[in-house]
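Notes follow once the structure below has been shown.
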Amino acid sequence: MKAGGQQAGSPWDECFEAAVQLARRAGQIISKALTEEKRVSTKTSAADLVTETDRLVEDLIVSELRKQFPSHRFIAEEATAAGAKCELTTSPTWIIDPIDGTCNFVHRFPDVAVSIGFAVHRELEFGVVHHCVEERLYSARRGHGAFCNGQQLWVSGETDLSRALILTEIGSKRDPATLKLLLGNMEQLLLAKAHGVRVIGSSTLALCHLAAGAVDAYYQFGLHCWDLAAATVIVREAGGIVMDTTGGPLDLMSRRVVAAGTQKMATLVAQALQPISYERDD
Ligand code: IPD
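Quick note on numbering: the sequence shown equals residues 1476 to 1757 in our numbering.
In structure tokens, the structure reads:
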């Protein structure tokens, strides 16, 4: 069966199949490198890490896709860190995070994933996320459902914050004012009697857990478009909501998101949050 678990027929089938193959290939490289010695450098802050494996995997994915689809554009985490423009135009565009959960990868904490999203006319068409260690391949194409290793995914139908399990991520800023807002937001949700708030170190995989109905909501300030693109399609195709923290439509470049299984849950979480400002991706 195809990774997406459904019949072919969209104009982007070839791109989708290429993404699946490359995510699997990259996953093998990453899971082998997980237990080996790594050379680690920092980017925007002491908590924003990169290794030679991030760069190697990104080069592999981008060079293979460029060969197959020479007219397409690319937004990729490490190229952007090196100064490439991060701009979503109407052209077919690949949005790539070679290792989401780099800090986990550095520490051998197993939640690491390859994330490959694809947008056309600024609309997300498909997403492929590969949990490298557990060999779980999450994928979704717009209008065709979301799947994990061939099994269809559905979000939870929870609407009550006092029965919710919520995921979030810390982000890279660690100044006292940001931490106060970050912890204040968690506190608000716990005071609203949410069952729990969890942090796993990978925004992409957090969203995949939401798509699988394992948690009821997810929010974050400070993530990037490459953490979000692929998993957004997966959550939406599993029946979930992905939106801006203000309650408006998602802006992929805004570095903030609320996602949930239901509109009611998304709205309740968004209303509990104080904004944390981050520079846009574009
Ligand atoms: C990061 C992870 C982390 C989140 C950051 C992301 P990276 O991605 O998803 O959990 O808190 O905001 O940028 O750097 O590991 O690809």
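For each residue, glycine too, the CB sits at the ideal point set by N, CA and C.
Only a predicted model underlies this, so the values are computations on that prediction, with no experimental measurement involved.
Asked: Less than 7 Å between the CB of Gly-1576 and some heavy atom of the ligand IPD, yes or no?; Found: yes
Asked: The alpha helix (DSSP H) spanning Arg-1530 covers which residue range?; Found: 1527-1543
Asked: May I have the straight-line CA-CA distance separating Met-1476 from Ile-1751, to the nearest angstrom?; Found: Confidence is the limiting factor: at Met-1476 the pLDDT is only 44, short of 50, which leaves the residue's position unreliable, though a coordinate-based value still follows. Computed Cα separation, rounded: 43 Å.
Asked: Are the beta-carbon atoms belonging to Thr-1643 and Gln-1695 less than 8 Å from one another?; Found: yes
Asked: Excluding five sequence neighbours on each side, which residues of the same chain lie with their C-beta closer than 6 Å to the C-beta of Gly-1714?; Found: Trp-1629 and Val-1630
Asked: Can you list, in chain order, the residues of its chain with a C-beta nearer than 8 Å to that of Thr-1442? Leave out the 5 residues immediately preceding and following it.; Found: Given a span of 1476 to 1757 for the chain in the structure shown, any question on residue 1442 remains unanswerable.
Asked: Considering only their Cβ atoms, is the gap separating Ala-1594 from Thr-1679 smaller than 8 Å?; Found: no
Asked: Which residues share a DSSP beta bridge with Ala-1594?; Found: Thr-1568 and Leu-1599
Asked: Let's see if you can read the secondary structure: which residues bound the alpha helix (DSSP H) around Thr-1577?; Found: 1577-1582
Asked: Can you say whether Glu-1600 is buried or exposed, counting buried as having 16 or more other CB atoms within 10 angstroms of its CB?; Found: buried
Asked: Given the structure, does Thr-1634 come close to the ligand IPD, in the sense that its CB is under 7 Å from one of the ligand's heavy atoms?; Found: no
Asked: Going by beta carbon distance, what residues of the same chain come within less than 7 Å of Gln-1481, once the five residues before and after it are set aside?; Found: Unreliable positioning characterises Gln-1481 in this predicted model, as indicated by a pLDDT of 48, which lies under 50. A coordinate reading is not provided.
Asked: Would you check if the distance between the CB atom of Pro-1567 and the CB atom of His-1547 is smaller than 8 Å?; Found: yes
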